[in-house]
């Protein structure tokens, strides 16, 4: 096989994987928006649809993983292309997790519709979900366009999501203390808010992968990640 | 380079990566036990130590990732060896997440010591943490010994952890309803219990990777994963 054919083959393979990642991203974005909509409108049919559709996301992740393994085995990509393949594998893991969180939101919605609504909560959560969906969209755009600046912007916006979460956390505590009948609903709403905040972390991780791929440097340290309940506010409340 | 030298080089590289994974596993196991101990004994110094040590786990994950990328690029491993490398990368991701959860447990401990203790909670959480630590130990042993049976056993034990979590969830709800002054502490304790349950899920994922590597088949469907608050019990309580 001529060198050129080989390179063409690799490029074509990478493009195919990229197509699948973008499709996956589209499904996850849709799931985030739909699950938050279902919660606000107490629409259990829509919630069920989100739960069913998560299978498609899981299948796509499996496909992407297999394609990547095949590309590595058959095409033996060198430095830069190998980095692309490994990045894609990481991005698909992050997307799959976000899909799981959306599914979980939908699952909790089917419980929450049976409880008394907590004033204003579903609307705030939907706003937060919209914010995260836009982060995801931009993180994926940044990946496709190899745009480190856009990626850095996504990373910065994670703080807004964290602030939204912190505000909600305090709100839920207040609702629970005021009326114990709110406790069960607030436990679920709190988990939902926390999971959306975690989706923001996953978007941030995708953005960091993009920065790494474009600049060769991982943005350092104080990267927002994982689980960060507002400890300060809690201490103030103790 | 002779074929033999090449294979030797690959084997040596794989062994080195394996050593790092086992070291990482040891650190994560220690972090799980220490963080639960710090919680029960209200030992903030130990909690701080867990938080500091998480850096080492993160660094090891970075090392493993870089080593794997290098092995793929330089040694171009074929089917079986490639699968090993990709499996190792996945295992290191799971371990790193568990390290994060342990760190989070330690962080919440520094808040919880300032609140009134919730009766029996810390002891139950420590029991749950011990269970998960043993799952992790066995999952890693199963990986090293390529023991699919042991891996299947780990997978089955995840249900015990889920049951422990479900029992705690109900207990926390009761404590909150009985006395609103327990609400803040119970929110933290609930997150801790949930995160330990998630560690169990990660151990299960590692076990599934082992099964896949040994048998070539991914154990199907009903794999326990993600976020599974006891919906049934919640519905009963509404």
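Protein chains in written order, with my numbering: chain A, 378 to 615; chain B, 378 to 615.
Note that CB positions come from ideal geometry on N, CA and C, so glycine has one too.
Small disclaimer: the values here were computed from a predicted structure and weren't measured.
Sequence-distant residues of its chain with Cβ nearer than 6 Å to residue i (five each side left out)
| i | result |
| --- | --- |
| residue 486 of chain B | 415, 416, 424 |
| residue 448 of chain A | 390, 462 |
| residue 517 of chain B | 402 |
| residue 582 of chain B | 471 |
| residue 559 of chain B | 495, 552, 553 |
| residue 499 of chain B | 416, 417 |
| residue 596 of chain B | 585, 588 |
Within chain A, the residues that residue i reaches when beta carbons sit closer than 7 Å
| i | result |
| --- | --- |
| residue 449 of chain B | 449, 459 |
Beta-carbon neighbours of residue i, restricted to chain A and to distances below 8 Å
| i | result |
| --- | --- |
| residue 375 of chain B | Given that chain B is displayed from residue 378 to residue 615, the structure contains no residue 375 of chain B and the question cannot be resolved. |
| residue 567 of chain B | 564 |
| residue 590 of chain B | Simply none; closest approach about 13 Å. |
| residue 453 of chain B | 453 |
Under 8 Å by beta carbon: chain B residues contacting residue i
| i | result |
| --- | --- |
| residue 437 of chain A | By Cβ distance, chain B contributes nothing, its closest Cβ being about 15 Å from residue 437 of chain A, past 8 Å. |
Residues near residue i in its chain [Cβ-Cβ closer than 7 Å; skip 5 each side]
| i | result |
| --- | --- |
| residue 510 of chain A | 406, 409, 410 |
| residue 525 of chain B | 587, 588, 591, 592 |
| residue 483 of chain B | 412, 415, 424, 427, 428 |
| residue 514 of chain A | 406 |
| residue 614 of chain A | Because the pLDDT at residue 614 of chain A is just 28, under 50, the model does not fix this residue reliably, and the value given afterwards should be weighed accordingly. Around residue 614 of chain A: 550. |
| residue 474 of chain B | 579 |
| residue 492 of chain A | 561, 562 |
| residue 519 of chain A | 527, 528, 531, 584, 587 |
Spatial neighbours of residue i in its chain, beta-carbon cut-off 8 Å, leaving aside the 5 residues before and after
| i | result |
| --- | --- |
| residue 461 of chain A | 391, 454, 590 |
| residue 396 of chain B | none |
| residue 393 of chain B | 444 |
| residue 567 of chain B | 545, 546, 549 |
| residue 404 of chain B | 430, 433, 434, 437, 476 |
Nearest-angstrom beta carbon gap, residue j and residue i [assumed within contact, 8 Å]
| i | j | result |
| --- | --- | --- |
| residue 562 of chain B | residue 495 of chain B | 5 Å |
| residue 573 of chain B | residue 505 of chain B | 5 Å |
| residue 579 of chain A | residue 471 of chain A | 4 Å |
| residue 476 of chain B | residue 502 of chain B | Wrong, their Cβ atoms sit about 18 Å apart, outside the cutoff. |
| residue 538 of chain A | residue 508 of chain A | 6 Å |
| residue 437 of chain A | residue 400 of chain A | 6 Å |
| residue 576 of chain B | residue 478 of chain B | 5 Å |
| residue 446 of chain B | residue 459 of chain A | 7 Å |
| residue 469 of chain A | residue 490 of chain A | Rounded, the Cβ-Cβ distance is 32 Å, inconsistent with contact. |
| residue 357 of chain A | residue 480 of chain A | Chain A is shown from 378 up to 615; residue 357 of chain A falls before or after that span and cannot be answered. |
Proximal chain B residues relative to residue i, where beta-carbon distance stays under 7 Å
| i | result |
| --- | --- |
| residue 463 of chain A | 446 |
Cutoff 8 Å: residue i Cβ touching any chain E Cβ
| i | result |
| --- | --- |
| residue 423 of chain B | This model lacks chain E altogether; the protein chains it does include are A and B. |
key: Residues in the stretch 398-425 of chain A having any Cβ partner in chain B nearer than 7 Å   = Going along the stretch 398-425 of chain A in chain order, one finds no residue with a Cβ nearer than 7 Å to chain B.
inquiry  = Counting beta carbon pairs with one atom in the stretch 554-574 of chain B and one in the stretch 438-456 of chain B, are three or more of them shorter than 8 Å?
reply    = Not touching, per the Cβ criterion.
ask   = Residues in the stretch 545-562 of chain B with C-beta within 7 Å of chain A's C-beta atoms, listed in sequence order?
value = If the cut-off is 7 Å between Cβ atoms, the stretch 545-562 of chain B has 550, 553, 554, 557, 560, 561 near chain A.
inquiry  = If the cut-off is 9 Å on Cβ atoms, which residues from the stretch 467-492 of chain A count as contacting chain B, listed in chain order?
reply    = Closer than 9 Å at the C-beta level to chain B, one finds these residues of the stretch 467-492 of chain A: 467, 470, 474, 477, 478, 480, 481, 484, 485, 487, 488, 491, 492.
ask   = Is it a yes or a no for the stretch 517-536 of chain B touching the stretch 527-541 of chain A, going by three-plus beta-carbon pairs under 8 Å?
value = No contact exists between the stretch 517-536 of chain B and the stretch 527-541 of chain A.
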